[in-house]
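Numbered per the working numbering, the sequence shown spans residues -2 to 269. Positions of the beta carbon are idealized from the N, C-alpha and C atoms, including for glycine. Working notes for the structure below.
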Amino acid sequence: MKNLIIALWIILFIYLAYILFTYIKYKLLIKKLSKIPFPNKYKNYLKNIYYYQKLPNDLKIKIERSILFFINTKKFVGIKTNITDEMKVIISFYACLIVLNRNECYEGLEYIYVYPHTMILDNIQNNGGIYNKETFLISGEAVGDSVVISWDEAKKDAYHLRHDNVIIHEFTHELDFESGIVDGVPPLEKSRYNEWINIIGKNYEEFKEKIITHKSLEKYKLINPYGATNKAEFFAVLSEMFWMKPKTIQKHFPDIYKEFKNFFNFDTAKYF
């Protein structure tokens, strides 16, 4: 029994030492990065992005620091392509933009895998001994500690005014992961949970029913039909709209806009 207690104390000591080491390492990195000027070559990429142009100077400075931190704490891995500074900066910009006023940086995320083109995914299903093979084209995927991005799609989204943005879509899934389950309900304060469920859930069910029954979509025609797949995709698709076309979602879905404004702590319609 005595040996067991000693072993538990040793384990606790090692754990606390690791936590302290990690914290000190984090603080030293922050201090180091704070002294590094934002590279001009990075800024040249950002100058071509509408959403960077529209940010006030204080938020431009803030996101530049966030981008440096992101690039220095995440591992970019090229699959059949070489990772470039442009890839790092553009992906980091949109990933950091959506959490800019949440003061977080995807602690559980380690890797960003970048493919040159849209990926082909084969899904084989067994239905009572009958195997069906379905082929999907995907431009991104989020799987907890990793995000996968198709660069050709991401680059088109990054430099043009569109409703869609694969980077925002996949990093929204990462935020969803933080609640422990990917269900379209990100980490929320308890006081806001029920309101989110009622408003976002209600709109999702209405949208899904109209898609399935082929009823007139009315205002829901503004939403990418892919959002009807499940609640997680609905959250990700709406997040794209909230950041890319905020005035559209504010006008037609003011209740949703309010929920997203509170969650992201950002009044996108004010800037974009």
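Could you give the residue range of the alpha helix (DSSP H) that holds residue i?
i      : result
Ile88  : Asp82 to Leu94
Phe257 : Pro251 to Phe261
Glu192 : Lys187 to Thr210
Glu138 : Unbroken run through Glu138 is the beta strand (DSSP E), Gly137 to Ala139; no alpha helix (DSSP H).
Met238 : Lys228 to Met241
Lys44  : Unbroken run through Lys44: none, as it is neither H nor E.
Lys267 : Thr265 to Tyr268
Can you tell me which of the options puts its alpha carbon nearest to the alpha carbon of residue i?
i      : options                           : result
Phe269 : Leu94, Met(-2) and Thr78          : Leu94
Leu134 : Val140, Glu150 and Ser143         : Glu150
Leu158 : Thr265, Met241, Ile11 and Thr70   : Met241
Lys40  : Val86, Glu237, His166 and Thr265  : Val86
Ala92  : Ile146, Leu219 and Ile194         : Ile146
Tyr156 : Val144, Tyr42 and Asn100          : Tyr42
Ile58  : Lys44, Ile76, Phe35 and Lys77     : Phe35
Lys38  : Tyr12, Leu65 and Leu13            : Leu65
Gly105 : Gly75, Leu97 and Thr70            : Thr70
Leu97  : Phe67, Phe73 and Ser143           : Phe67
Glu230 : Cys102, Ile164 and Val179         : Val179
Phe239 : Ser89, Ala266 and Ile33           : Ala266
Lys153 : Ile88, Ile194 and Glu215          : Ile88
Gly198 : Tyr108, Asn227 and Gln247         : Asn227
His249 : His211, Phe261, Glu215 and Tyr223 : Glu215
Glu271 : Trp6, Lys32, Val74 and Thr245     : Outside the shown range of the chain (-2 to 269) lies residue 271, about which nothing can therefore be said.
Pro184 : Thr210, Tyr103 and Glu107         : Tyr103
Ile165 : Ile8, Ile7, Leu13 and Phe90       : Phe90
Phe73  : Asn54, Ser63, Phe261 and Tyr108   : Tyr108
List the endpoints of the continuous beta strand (DSSP E) containing residue i.
i      : result
Tyr103 : Neither: Tyr103 is in no beta strand (DSSP E) and is coded neither H nor E.
Val145 : Ser143 to Ser147
Phe35  : Neither: Phe35 is in no beta strand (DSSP E) and is coded neither H nor E.
Gly75  : Lys72 to Gly75
Looking only at its chain, what residues have a beta carbon closer than 8 angstroms to the beta carbon of residue i, apart from the 5 residues adjacent to it on each side?
i      : result
Glu192 : Glu256
Tyr190 : Val182
Leu213 : Residue identity check: residue 213 is Ser in the sequence provided, not Leu. Same-chain partners within the cutoff: Lys207.
Thr78  : Val111, Tyr112, Pro113 and Trp148
Counting only the same chain and skipping the five closest in sequence on each side, list residues whose C-beta sits under 6 angstroms from that of residue i.
i      : result
Ala225 : Phe204, Lys205 and Ile208
Glu138 : Val145
Ile76  : Tyr110 and Tyr112
Tyr217 : Phe204 and Lys207
Gly141 : Phe174
Sorted by chain position, which residues of the same chain lie with C-beta nearer than 7 angstroms to residue i's C-beta, five sequence neighbours on each side aside?
i      : result
Asn259 : Arg189
Glu167 : Gly137, Glu138, Ala139, Val144 and Ile146
Phe263 : Leu97 and Asn98
Ile11  : none
Ile253 : Ile196, Ile197, Asn200, Leu235 and Ile246
Ile223 : Here residue 223 is Tyr; the residue named in the question, Ile, does not match the sequence. The residues are Glu230 and Val234.
Lys244 : Ala266
Is there a Cβ of chain B sitting closer than 7 angstroms to that of residue i, yes or no?
i      : result
Arg159 : Any reference to chain B falls outside this structure, which holds one protein chain only.
Tell me, please, whether the region 47 to 57 touches the region 66 to 83 by the rule of three or more beta-carbon pairs shorter than 8 angstroms.
no
Contact between the region 204 to 217 and the region 172 to 184: three or more CB pairs below 8 angstroms?
With the rule of 3 Cβ pairs closer than 8 angstroms, the region 204 to 217 does not count as touching the region 172 to 184.
Can we say the region 228 to 247 touches the region 159 to 167, given the rule of at least three CB pairs closer than 8 angstroms?
Using a C-beta cut-off of 8 angstroms, the region 228 to 247 makes contact with the region 159 to 167, since at least three inter-stretch Cβ pairs fall below that distance.
Going residue by residue through the region 157 to 185, where are the continuous alpha helix (DSSP H) segments of at least 4 residues, counting only ones entirely within it?
163 to 174
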